[in-house]
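Beneath this line is the structure, given in structure tokens, with notes to follow.
Protein chains in written order, with this note's numbering: chain A, 52 to 262; chain B, -14 to 152.
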């Protein structure tokens, strides 16, 4: 009787130990997987439930456009402040973005049409996480690609590099192209995300020129 | 009384064993639902057993969110960012070779002249993995760049967590 009880106790103890070890192992793996997933960047673009293009309601609308100073392709510093008194379209784009390249001829045409009324476009190249700050060869290749595109498209407006450094100020740039229309007082009057149409862009340029 | 004790003991042990089964059988399905904003989700396998020291084929399953596409491993233009699977050094396992599916050629309504080689929906990558003996939680990565018909999301790297057991 005593021996049976002892054997039973030992068996139960061993089972409990194995069960605990299995649970602890599972918990460890679960936490490791959670840590890995948590380290992944979380996007903010929410698809349109109706199935259309994601809508972009910028929190910057009605507020001053965040200041910035970026280099153009020649290395010269360009500031947003230097365009105060002009209506400005800040166009975030990327060399790997097909829709961005499609809208460029529209931007060129509209810039040439409204430049005489005090309108300018600032193209801001934004490469994302692929290009690290200390990757000199990568940045040189990036500038060369932008320069080639500017030449092909006969882009008449400044092309700035390093847009990732200001992307958070402009809402995180979940998708491209993303454009902000800034009036002569420096306030954002409209914003667009994604390729829309030349007439949409033109109507927002007119809004920026009106104020 | 002896038999009764044994019966009680065995029943208790059996019940305890049953109670433990869900703990072992449950996959750690943490975060398998699509994280808002991630265009691509890794589906499975979460655990593989391979012969230690020898290349073993593992089929990795991924899902792209509806309405989106990602460039294939061999996109049609050199300025497009390809999809690439990788395993970092020191993981206890290394990637011997990855075989990617062929992309589907599509054109977008906004640009019917340009052909793109893309993946949509569910796709798999055949990875040949070499692991040392032991249990390794490998933090592999999938790098991709996604677009829909009108806009493109920045390039992204997602974790691909695989428990690799080398035997």
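Glycine included, each C-beta is placed from N, C-alpha and C at the ideal position.
**Prompt:** Are there 16 or more other CB atoms within 10 angstroms of the CB of residue 46 of chain B, so buried, or fewer, so exposed?
**Reply:** As a first step, residue 46 of chain B is located in the second chain; it is residue number 61 there, counting from the start. Per the 10 Å Cβ criterion, exposed.
**Prompt:** So, residue 181 of chain B versus residue 137 of chain B, is the Cβ gap smaller than 8 Å?
**Reply:** Shown here, chain B extends from -14 to 152; a query on residue 181 of chain B therefore has no answer.
**Item:** chain A contacts from the segment 90 to 103 of chain B (Cβ-Cβ distance under 8 Å)
**Value:** 93, 95, 96, 99 and 101
**Request:** Provide the residue span of the alpha helix (DSSP H) that contains residue 49 of chain B, from first to last.
**Result:** As a working mapping, residue 49 of chain B is identified with position 64 in the second chain. Taken as a continuous stretch (DSSP letters only), residue 49 of chain B belongs to no alpha helix (DSSP H), being part of the beta strand (DSSP E) at 41 to 49.
**Asked** Taking any Cβ of chain B, which residues in the segment 242 to 256 of chain A have a Cβ under 9 Å from it, in chain order?
**Response** 244, 245, 246 and 247
**Prompt:** Alpha carbon to alpha carbon, how far is residue 148 of chain B from residue 148 of chain A?
**Reply:** In the second chain, counting from the first residue as 1, residue 148 of chain B sits at position 163. In the first chain, counting from the first residue as 1, residue 148 of chain A sits at position 97. Approximately 35 Å, taken between the alpha carbons.
**Request:** With DSSP collapsed to three states, give me the class of residue 9 of chain B.
**Result:** Here residue 9 of chain B corresponds to residue number 24 of the second chain, with the count starting at 1. In this prediction, residue 9 of chain B scores a pLDDT of 40, lower than 50, which makes its location untrustworthy; the coordinate-derived value is nonetheless stated afterwards. In this structure, residue 9 of chain B counts as helix in the three-state DSSP scheme.
**Prompt:** Could you give the distance in angstroms between the alpha-carbon of residue 25 of chain B and the alpha-carbon of residue 66 of chain B?
**Reply:** As a working mapping, residue 25 of chain B is identified with position 40 in the second chain. As a working mapping, residue 66 of chain B is identified with position 81 in the second chain. If you take the alpha carbons of residue 25 of chain B and residue 66 of chain B, they lie about 15 Å apart.
**Item:** Near-chain B residues of the segment 200 to 227 of chain A (beta-carbon distance less than 8 Å), N- to C-terminal order
**Value:** Result list: 224, 225, 226 and 227.
**Asked** Touch check for the segment 90 to 105 of chain B and the segment 73 to 82 of chain B: three-plus C-beta pairs under 8 Å?
**Response** no
**Message:** Quick check on this structure: which residue in A:57, A:132 and A:63 has the alpha carbon closest to the alpha carbon of residue 236 of chain A?
**Reply:** As a position in the first chain, residue 236 of chain A is number 185, starting the count at 1. Out of A:57, A:132 and A:63, A:132 has the C-alpha closest to the C-alpha of residue 236 of chain A.
**Message:** Within a Cβ cutoff of 8 Å, which residues of the same chain sit near residue 196 of chain A, ignoring the five residues on either side of it in sequence?
**Reply:** Along the first chain, one-based indexing puts residue 196 of chain A at 145. Excluding positions up to five away in sequence, the list reads 146.
**Residues near residue 256 of chain A by beta carbon distance below 8 Å, same chain, minus five either side** = Here residue 256 of chain A corresponds to residue number 205 of the first chain, with the count starting at 1. By the criterion of a C-beta distance shorter than 8 Å, residue 256 of chain A is surrounded in its chain by 138, 140, 161, 165, 170 and 232, once the five residues flanking it on both sides are discounted.
**Prompt:** What is the DSSP secondary structure of residue 251 of chain A, reduced to helix, strand or coil?
**Reply:** What you label residue 251 of chain A is simply residue 200 of the first chain in a count that begins at 1. Helix at residue 251 of chain A.
**Message:** If you follow the alpha helix (DSSP H) that residue 165 of chain A is in, where does it begin and where does it stop?
**Reply:** For the purposes of this step, residue 165 of chain A is taken as the residue at position 114 of the first chain. From DSSP, the alpha helix (DSSP H) with residue 165 of chain A extends over 149 to 165.
**Request:** Return yes when the Cβ of residue 28 of chain B is within less than 8 Å of the Cβ of residue 70 of chain B, no when it is not.
**Result:** In the second chain, counting from the first residue as 1, residue 70 of chain B sits at position 85. In the second chain, counting from the first residue as 1, residue 28 of chain B sits at position 43. Cβ atoms of residue 70 of chain B and residue 28 of chain B: not closer than 8 Å.
**Message:** With a threshold of 7 Å on Cβ separation, who are the neighbours of residue 114 of chain A within its own chain once the five nearest residues in sequence on each side are excluded?
**Reply:** Here residue 114 of chain A refers to the residue found at position 63 of the first chain. Answer for residue 114 of chain A: 238 and 239, listed in chain order.
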